[in-house]
Every structure is written in C-alpha cells, then in structure tokens.
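Engineer: Supplied in structure tokens, the structure appears directly below.
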Amino acid sequence: MLPEMAAPAIRTSGLTKDYGGGQGLFDLELQVSAGESFALVGPEGAGKTTAVRLLMGVIRPTRGSAYIFGLDCAREAVEVKRRVGYAPAATPDFSGMRGGEVVAYLAGLRGGVHRSRVRELAERLDVDLGRAHEAYSGSDRRKLAILLALMHEPDLLILDEPAKDLDADATEELHALLDQARSEGAAIFLASRMGSEIEARCDRVGTLRRGKLSRQLEEQSRKALPP
Amino acid sequence: MKATLRALRDGRWTTVAFAVAGFAITYLQSLAFFQLAGHTFADRAAFGYSLLLEATANAALLPPPVHPETIAGYLELRAFEPLAILFASWALVSARARSLVPIVPRAAAFAVSTILTAAAACVGVLAGAASGGESVSGLGLVGAGLLLVALALACYAISLCAGRWAAPVLLTLFFFNSLSRIFPELDVARWLSPFRYYELSTPLPRGGDFDIAGFAVLLAIAAAGIAVAHVVATRRVAGPIVLPRATHEPSRVSLLAIPIARELYPRRIALAAWCVAFLVLGIVLVAATRATMKDLLALPPGLPGLPQYIFTFVAQVLGQTWFDVTLLLLVALTFAFVTRWADDDVSGRVEAVLSTPYSRSTLVVERLAAIAVTAAVLAAVGCLAVAATSEASSLAIDSTRLVAACLVLTAFGVVFAAVGVLFASWAPRAAPALFGAVALAAYLDDQIGGALRLPGWAQNISPFRLVGTPLASGVDGRSLGVLVAIAVAAIGSSILLIQRRDVGR
Chain G
114 MLPEMAAPAI RTSGLTKDYG GGQGLFDLEL QVSAGESFAL VGPEGAGKTT AVRLLMGVIR
174 PTRGSAYIFG LDCAREAVEV KRRVGYAPAA TPDFSGMRGG EVVAYLAGLR GGVHRSRVRE
234 LAERLDVDLG RAHEAYSGSD RRKLAILLAL MHEPDLLILD EPAKDLDADA TEELHALLDQ
294 ARSEGAAIFL ASRMGSEIEA RCDRVGTLRR GKLSRQLEEQ SRKALPP
Chain B
4 MKATLRALRD GRWTTVAFAV AGFAITYLQS LAFFQLAGHT FADRAAFGYS LLLEATANAA
64 LLPPPVHPET IAGYLELRAF EPLAILFASW ALVSARARSL VPIVPRAAAF AVSTILTAAA
124 ACVGVLAGAA SGGESVSGLG LVGAGLLLVA LALACYAISL CAGRWAAPVL LTLFFFNSLS
184 RIFPELDVAR WLSPFRYYEL STPLPRGGDF DIAGFAVLLA IAAAGIAVAH VVATRRVAGP
244 IVLPRATHEP SRVSLLAIPI ARELYPRRIA LAAWCVAFLV LGIVLVAATR ATMKDLLALP
304 PGLPGLPQYI FTFVAQVLGQ TWFDVTLLLL VALTFAFVTR WADDDVSGRV EAVLSTPYSR
364 STLVVERLAA IAVTAAVLAA VGCLAVAATS EASSLAIDST RLVAACLVLT AFGVVFAAVG
424 VLFASWAPRA APALFGAVAL AAYLDDQIGG ALRLPGWAQN ISPFRLVGTP LASGVDGRSL
484 GVLVAIAVAA IGSSILLIQR RDVGR
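Those protein sequences? They're chains G and B, same order as listed. Numbering-wise, the working numbering comes out as the position in the first sequence, counting from 1, plus 113. Numbering-wise, the working numbering comes out as the position in the second sequence, counting from 1, plus 3.
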C-alpha cells in the first residue's frame, strides 16, 4: 500500500481564513477517513464554503494546514486535484460554450476521462450537453457541475451545496450517484445547509457556527436514517 | 433606476480609469502644445504647418486639422480625435461585456459614465490651457464633450446590435469614413459611419462649428440601436418554442484538449474577425498610400534619386499608418483578452479550471502563449497583406524589413500580453483598468514624453518607442532585447503573484 493510501482523505490542523470582522473560518481541526462520508453543515455565512475552497486550494489559509490523502492542499495542489472531484456552491458561467464543450475542455485539462462515463452521467442526471451553457437553468448548471465532479471517478468528492436548485428526481439521482461512489470506496465531503436531506445520509456531521466547528456527531449510522 | 445604479456600481472603476485617462490626455497634450508650438506667431505658424503636412500624409486615419497652430485646434487633433477612438473602443468592450443588468439600464449607466469621462477631459483642457496662460471657448468645449458622448452611445448601440461581430463592424465603419478622404468611391458608404457624423463638427477651434444635424443623427443611432437590442434580447430570453433533441454526448472538438488551442477556441469567431480586420487593414492602407502619392508616381521614372525617394517615402508613410495602427490594434486585442480574464475570475471559470490538475503557473503561461500565437498570426496576416498589395500596386517594399516588422509586432504583442497577464494574475477585477492605464501611459510617453521633458530612460522604456521604425530603418537589437526583458520580468512576476492570491468570487 502506498503511504498516501493509508493517509486520511482529509486532515486539517488549525485551518484558518480570517477575513476580518469575525468573518471566515477559524482553527478547523478535522479528519475524514478514506471511504467515509462527512457533512459540514451550518447556517449561511458560517464558513462552509470557505472551508471547501481552502481544501481545494482556491484560497490561501491565513494559518494552519490542510492535507488530502497526505498531500498538502496548497503546495501539492495539482496532485491533490487528480484525486478529487469538486462541485462549487456557485456554479461557474461558461457562456459562449455548449455543455458538451465545457465537459470536453475540463476533461482535456484533467486527462483520462472516458466518454462512456460522461455519457452515462449525462443520461442519469438528464443534462443536455448540446445546449449553450448560457441557456442552462440553475438546475442544469448544478447537474453539469455534479457531472464534472464525478466524471473521472475520484477518490474524494468535495461538494458544496450539491442539491441546491435540483428537483426531486435529480436529487434522488444525486443520492444514488453518491451511494455508488461510496460503494466504490470514495470518500465524500459535503457542505450543506442545516437540516438538508443529504446531511442525514452521511456517516458523520460537523456543525459550523461563525467560522468555528461547534460539534461533531460521531458514527451517525445510515441504518438509523428514515427510508 | 436600481438596475442602472447597479450597473454604475459594477463599472465604477472602469469609469474612474477612463475619466483619469480623459483628463490625462487633454491635460498632458495641452502641456505638450506649449512646449512644442513655441510662443511667437512665426513659431506657431511653422508648427501648425508641420501638423498640416503630417495630417495630409495620415489622411487615411485622421481628418484635416482646423487651426492646428492654436491650442484649441491642436487639442481637437491630438486629444479629441484619439479620445473619440478611445470612447468607441470603450463602447465596444462595454457592450460586449457579460452582465445580469438588462440592456436599457446598462446603456443608461454607460451614458452616465461617458458624460463623467467627457467632463473630466474638458476639465483637463481648461487646466492645461490655463497653465499656459491661454483659454478655449467654453461653448466649444461643451460641444466637444457632447459629441464624444453621442459618438460613444452610437458605437455602443451598434456593438449591441452587431453582437460578436461588433469589432469588425465598428472598424469597417471607421474606415468607411476615414478612407473616403482618399477614395471618393466611398463617399456614399461614409454616411453609414457614426464617425462621419462626429467629424462633421469641429466645435473647439476658432472658426469651427457644431453640426446639430450630425449630433442628432448620432443620438438617433444610439436610441434606435439600443431599442432594437432590447427587443431582440427580450425575445431571446423567451427562448425557442421547440427545443432540439437533447444530447448526452460530450463534444468531439479535439482542439479543446490541446494547450493554447483550448484557450483560443471559445474566441474563434472573434479571432477570425480580427484576422479579416488585419488583412483588410494591410490592403486598404497600402492602397491609400499609393493613392496619396499618385502625383509622385506620375513623375518620369528616370529622374535621379526618385526610386530611392519613393522607396523611403513608402516606408515612412506605411510606418506611420499601417504599422502604428497595427500596434494600437494589438493593444486593443490584448485589452479584450484581459477583460475576458477578469470576467473568467469573477464568473468562476478560473476556479473550475483550477479544480482540475492544472497549476496556476501553467494558467499564466498558457494565457501568455495564447496571445503570443494570436499576435504572431495577426502580424503575419497583416504583413502578407501589405506585401501582396504593394507588389500588386508596384510599390517597392523591402521584404526583409517587412519580416522584421512582423517580428517586432509579435514582440510588442507579447510585451503587452505579459503586462495584461501580470495584472490579471494580481488583481483581476482591476486588471482592465490597470492595463488601460499602462497602455495609455506608454502611448503618451512615446508621443509627448520629449515635450514634457521626461527623463531619457522613461522615454525609452515605452514599448511604442522600443519597436522603432522597422519598415524605414530595420530592427534595433538592443530595443528588441529590452522588450523581451520587460516581457520576461512581467511573466515571472505574474507566476509569483498568482500563487499568493485567492481566486474567484
């Protein structure tokens, strides 16, 4: 077994992003094991998206560190991204390109993405890749973002508000896709509003308030969840 | 009203940047006038005559000046004509920028921004003239400001209607007007051009006038164009009645997987338009050069020294027209790229790209490479057009120097690209304004740096100066080296800066 295979999927130590005025994320201590699903929940402005963006190396921490599979999120960002699938809370705008071109562009940057996998995901999520991205509804954009996060079959999924804007059918398909990823050994890190259905399906839930992790519910059993 | 205020807030830094640019152009040109024109009647008459000769050689680009020996006439030529082009470019970029604000309030916000900028330019005139103990007509100044605003709004409306073809359409309309000064065949077409209606008035210099009908036509073009764009946009939002069959297949465009090509692919139509523009520019400016020197070419070819004189004359005129315009177009091209990069950061594209195994430094290098390739292709297209047209018109041009010009144009494009990449890496939201400020400063440094008595090193660092006159005197290796050094320093700094900054919204 390679050393990084033994490393936790996510480990943060004193991870802080201080925007001033009490805004940001403060001293986040977190560990998510490989194959585990973890939901970071909290009200709007609690710092969930900041935590996600720090893990993805999109923003730089004020202090502290974050590791994904033992790789430093800031210094080894390229290697980290090979193993991570990411869907941001604010879906990107790719005006001027068709959905299929967005997929081809980002798959080209990533490499090793199979067309059959993209086709399967597009069919399951029912996202039309032939339409111009600017003509996509909020739901279509969210589905495309999920497709982009899953297309390379990552070892870790980091999803920020993945069910936002989705209708009931698409939400159900998202749950099925996440269950499938779990069964194939992927770890899942979700950021979500409190009380969402998706939170209830995770192994553990951490609650974030005013940038601080206030509590973690350990070993929340999926079996105990309502059907 | 709320939407207009939002659009104003979104574009506030651009407005500030253009207002500063407007003030700087008129104020610095006023200072330059007092240094260049002298103070005696004879000095000023000689200066005015030299400007008249220069304008005659550049008739394909600029209208004939009115009383260029006076500060008002000089500013009309050297400040308000460039400002007209600057306002038109601003209108083009603003109309093409993505925004959630509907068209009508966005146009209203643009109108407010242009009024503020025109006012700043007028204040620059007053301050500059006062510094030399002279004055200009207040009424004329208001007229000049209003004309700028009306031209900008007309160009904005045309750009809205033309969509992705806005740049070539505006360029064509500009040349319909300017080339009609040389080719009478274009007399009819010039009336399609908003620049023609702008040019009908010369409100600033003594003896000039304000053409109310021309001004009204500009406003009518603006109102009609904005109304049409509004109707089209409203219908587009409603969407087609029958949706085409959905596809779940990813695109098969292989270019999207190739470095540099994937950066250029989304802009392919705009780049094709740029290629056409460079091609047409090369052809028409050589044809215009031939037309301006038809008397010279009619002289008996056996006259001693005539072939060499014609050879030098052609190189100088093409240097002042085709080469200089190509430099400005390359800056405009880079500005368009920088604006897009700023938008990519805000719209989440950069975040999406960086969520793949793609490093920040690769992003910087690929952006630079994309413009470098584009600049090289456009320079080559322009040079080929010049070579072919001059050959067909029996105008002798040294092919080695033309190749040198192509090389220098590419280096110039790379330098500005590196500066654009630097600002986009450091502060993407402010990048267009910062880039515009640097480009303007470099241009003014080259044009009036000597008159303003800037130190020698400051005058010699402007890329506009460093490119030299390759058609007339070849390439200066040292200047080319400085250009490369600036590009390397800018790109190195970009790689360092982008590592440290937070990406996205």
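Even glycine gets a Cβ: it sits at the ideal position worked out from N, Cα and C.
Could you say if the stretch 381-395 of chain B and the stretch 205-216 of chain G meet the contact criterion of at least three C-beta pairs nearer than 8 Å?
Structural biologist: no
Engineer: Any C-beta of chain G sitting closer than 7 Å to the C-beta of residue 468 of chain B?
Structural biologist: Walking along the second sequence from the start, residue 468 of chain B turns up at place 465. Output row for residue 468 of chain B: interface = no.
Engineer: Between the stretch 349-370 of chain B and chain G, which residues of the former have a C-beta closer than 7 Å to a C-beta of the latter?
Structural biologist: When C-beta distances to chain G are compared with 7 Å, the residues of the stretch 349-370 of chain B below that value are 350, 351, 352, 354, 355, 356, 357, 358, 359, 360, 361 and 362, in chain order.
Engineer: Would a check of beta-carbon distances place residue 191 of chain G closer than 7 Å to chain B?
Structural biologist: One-based indexing of the first sequence puts residue 191 of chain G at position 78. Interface residue, yes.
Engineer: Which residues, in order along the stretch 197-214 of chain G, keep a beta-carbon less than 8 Å from a beta-carbon of chain B?
Structural biologist: 197, 199, 201, 203, 204, 205, 206, 207, 208, 209, 210, 211, 213 and 214
Engineer: Can the beta-carbon of residue 158 of chain B be found closer than 7 Å to that of residue 91 of chain B?
Structural biologist: By one-based count along the second sequence, residue 158 of chain B stands at place 155. By one-based count along the second sequence, residue 91 of chain B stands at place 88. For residue 158 of chain B and residue 91 of chain B, yes; Cβs fall inside 7 Å.
Engineer: At the level of alpha carbons, what is the spacing between residue 285 of chain B and residue 88 of chain B?
Structural biologist: Walking along the second sequence from the start, residue 285 of chain B turns up at place 282. Walking along the second sequence from the start, residue 88 of chain B turns up at place 85. Annotation: residue 285 of chain B to residue 88 of chain B spans about 19 Å, alpha carbon to alpha carbon.
Engineer: Let me make sure I understand the geometry here. Which of B:404, B:418 and B:434 has the alpha-carbon closest to that of residue 464 of chain B?
Structural biologist: Within the second sequence, the letter at position 461 stands for residue 464 of chain B. Per the Cα distances, B:418.
Engineer: Taking only beta-carbon positions, decide if residue 251 of chain B is within less than 7 Å of chain G.
Structural biologist: Within the second sequence, residue 251 of chain B is the residue found at index 248, counting from 1. By this cut-off, residue 251 of chain B is an interface position.
Engineer: Taking only the alpha-carbon atoms, compute the straight-line gap between residue 400 of chain B and residue 181 of chain B and give it to the nearest angstrom.
Structural biologist: Here residue 400 of chain B refers to the residue found at position 397 when the second sequence is read from its first residue. Here residue 181 of chain B refers to the residue found at position 178 when the second sequence is read from its first residue. Distance between the alpha carbons of residue 400 of chain B and residue 181 of chain B is about 24 Å.
Engineer: How do the stretch 122-132 of chain B and the stretch 143-160 of chain B stand: do at least 3 beta-carbon pairs fall below 8 Å, yes or no?
Structural biologist: By the C-beta criterion, the stretch 122-132 of chain B is judged to be in contact with the stretch 143-160 of chain B, since at least 3 inter-stretch pairs fall below 8 Å.
Engineer: For chain G, check one thing: does any of its Cβ atoms lie closer than 7 Å to the Cβ of residue 166 of chain B?
Structural biologist: As a first step, residue 166 of chain B must be located in the second sequence, where it is residue number 163. It does not: the Cβ of residue 166 of chain B has no partner Cβ on chain G nearer than 7 Å.
Engineer: Taking C-alpha atoms, which residue in B:325, B:490 and B:111 lies nearest to residue 60 of chain B?
Structural biologist: On the second sequence, residue 60 of chain B is found 57 positions in, with the first residue counted as 1. Checking every option, the nearest Cα to that of residue 60 of chain B belongs to B:325.
Engineer: In chain G, which residues lie less than 7 Å from residue 503 of chain B when you measure between Cβ atoms?
Structural biologist: Taking the second sequence and counting its residues from 1, the one referred to as residue 503 of chain B is at position 500. Result: 173.
Engineer: Using only CA atoms, which one of G:153, G:249, G:227 and G:257 lies nearest to residue 317 of chain G?
Structural biologist: Walking along the first sequence from the start, residue 317 of chain G turns up at place 204. Checked all of G:153, G:249, G:227 and G:257; the closest Cα to residue 317 of chain G is G:153.
Engineer: Quick check on residue 358 of chain B: buried or exposed, where buried means 16 or more other Cβ atoms within 10 Å of its Cβ?
Structural biologist: Numbered from its first residue, the second sequence carries residue 358 of chain B at position 355. So residue 358 of chain B counts as buried.
Engineer: Whose CA, out of B:344, B:232, B:204 and B:209, lies closest to the CA of residue 220 of chain B?
Structural biologist: As a working note, residue 220 of chain B is residue 217 in the second sequence. Considering only alpha carbons, the answer is B:204.
Engineer: Buried or exposed: which applies to residue 261 of chain B, given that a residue is buried once 16 or more other Cβ atoms fall within 10 Å of its Cβ?
Structural biologist: The residue given as residue 261 of chain B occupies position 258 in the second sequence. Under this definition residue 261 of chain B is an exposed residue.
Engineer: Using the Cα positions of residue 112 of chain B and residue 457 of chain B, report the straight-line distance between them to the nearest angstrom.
Structural biologist: Residue mapping note: residue 112 of chain B aligns to position 109 of the second sequence, counting from 1. Residue mapping note: residue 457 of chain B aligns to position 454 of the second sequence, counting from 1. Taking the straight line from one Cα to the other gives about 37 Å.
Engineer: How far does the alpha helix (DSSP H) with residue 293 of chain G in it extend, from its first residue to its last?
Structural biologist: Stepping through the first sequence from its first residue, residue 293 of chain G is reached at position 180. Where residue 293 of chain G is concerned, the enclosing alpha helix (DSSP H) stretches over 281-296.
Engineer: By a C-beta neighbour count over all protein chains shown, 10 Å radius and 16 as the cutoff for buried, is residue 476 of chain B buried or exposed?
Structural biologist: The count along the second sequence starts at 1 and reaches residue 476 of chain B at position 473. Exposed is the call here.
Engineer: Three Cβ pairs or more, each shorter than 8 Å: is that satisfied between the stretch 267-274 of chain G and the stretch 295-312 of chain G?
Structural biologist: Judged by pairs of C-beta atoms under 8 Å, the stretch 267-274 of chain G touches the stretch 295-312 of chain G, as three or more such pairs exist.
Engineer: Mark residue 272 of chain B as exposed unless 16 or more other C-beta atoms lie within 10 angstroms of its C-beta, in which case mark it buried.
Structural biologist: In the second sequence, the residue the question calls residue 272 of chain B occupies position 269. Looking at its Cβ environment, which holds fewer than 16 other Cβ atoms inside 10 Å, residue 272 of chain B is exposed.
Engineer: Around the C-beta of residue 42 of chain B, are 16 or more other C-beta atoms found within 10 angstroms, so that it is buried, or is it exposed?
Structural biologist: As a working note, residue 42 of chain B is residue 39 in the second sequence. With fewer than 16 Cβ atoms within 10 Å of its Cβ, residue 42 of chain B is classed as exposed.
Engineer: Could you tell me whether any Cβ in chain B is nearer than 7 Å to the Cβ of residue 221 of chain G?
Structural biologist: Counting from one through the first sequence, the residue named residue 221 of chain G turns up at place 108. For residue 221 of chain G, the nearest beta carbon of chain B is closer than 7 Å to its own beta carbon.
Engineer: By a C-beta neighbour count over all protein chains shown, 10 Å radius and 16 as the cutoff for buried, is residue 4 of chain B buried or exposed?
Structural biologist: Numbered from 1 along the second sequence, position 1 holds the residue referred to as residue 4 of chain B. The residue in question, residue 4 of chain B, is exposed, as its Cβ has fewer than 16 Cβ neighbours within 10 Å.
Engineer: What does the Cβ neighbour count give for residue 501 of chain B, buried or exposed, with the cut at 16 atoms within 10 Å?
Structural biologist: Counting from one through the second sequence, the residue named residue 501 of chain B turns up at place 498. That one is buried.
Engineer: Between residue 228 of chain B and the rest of its own chain, which residues show a CB-CB distance below 8 Å, the 5 nearest in sequence each way excluded?
Structural biologist: The residue labelled residue 228 of chain B in the question sits at position 225 within the second sequence. Only 157, 159, 160, 161, 163 and 164 meet the Cβ criterion.
Engineer: I want to see whether chain B comes within less than 7 Å of residue 176 of chain G, judged by CB atoms only; does it?
Structural biologist: Walking along the first sequence from the start, residue 176 of chain G turns up at place 63. Cβ-Cβ to chain B under 7 Å: no for residue 176 of chain G.
Engineer: Determine, using beta-carbon pairs with one atom in the stretch 310-327 of chain G and one in the stretch 142-161 of chain G, whether at least three such pairs fall under 8 Å.
Structural biologist: yes
Engineer: Run through DSSP, which three-state label would residue 325 of chain G get?
Structural biologist: For the purposes of this step, residue 325 of chain G is identified with residue 212 of the first sequence, where counting begins at 1. It is a strand residue.
Engineer: Terminal residues of the continuous beta strand (DSSP E) containing residue 178 of chain G?
Structural biologist: Working through the first sequence from its first residue, we reach residue 178 of chain G at position 65. Looking at the DSSP string, the run of the beta strand (DSSP E) that includes residue 178 of chain G is 176-181.
Engineer: Looking only at its own chain, which residues have a Cβ that is under 8 Å from the Cβ of residue 119 of chain B, when we skip the five neighbours before and after it?
Structural biologist: The residue given as residue 119 of chain B occupies position 116 in the second sequence. Only 18 and 22 meet the Cβ criterion.
Engineer: What are the start and end residues of the alpha helix (DSSP H) that includes residue 389 of chain B?
Structural biologist: The residue you call residue 389 of chain B lines up with position 386 of the second sequence. It spans 363-395 - the alpha helix (DSSP H) in which residue 389 of chain B sits, taken as one unbroken run.
Engineer: Please name the residue in B:486, B:416, B:405 and B:106 whose C-alpha comes closest to that of residue 237 of chain B.
Structural biologist: By one-based count along the second sequence, residue 237 of chain B stands at place 234. Cα-wise, what sits closest to residue 237 of chain B is B:106.
Engineer: Please report the distance separating the alpha-carbon of residue 184 of chain G from that of residue 296 of chain G.
Structural biologist: As a working note, residue 184 of chain G is residue 71 in the first sequence. As a working note, residue 296 of chain G is residue 183 in the first sequence. Looking at the backbone, the Cα of residue 184 of chain G and that of residue 296 of chain G are separated by about 24 Å.
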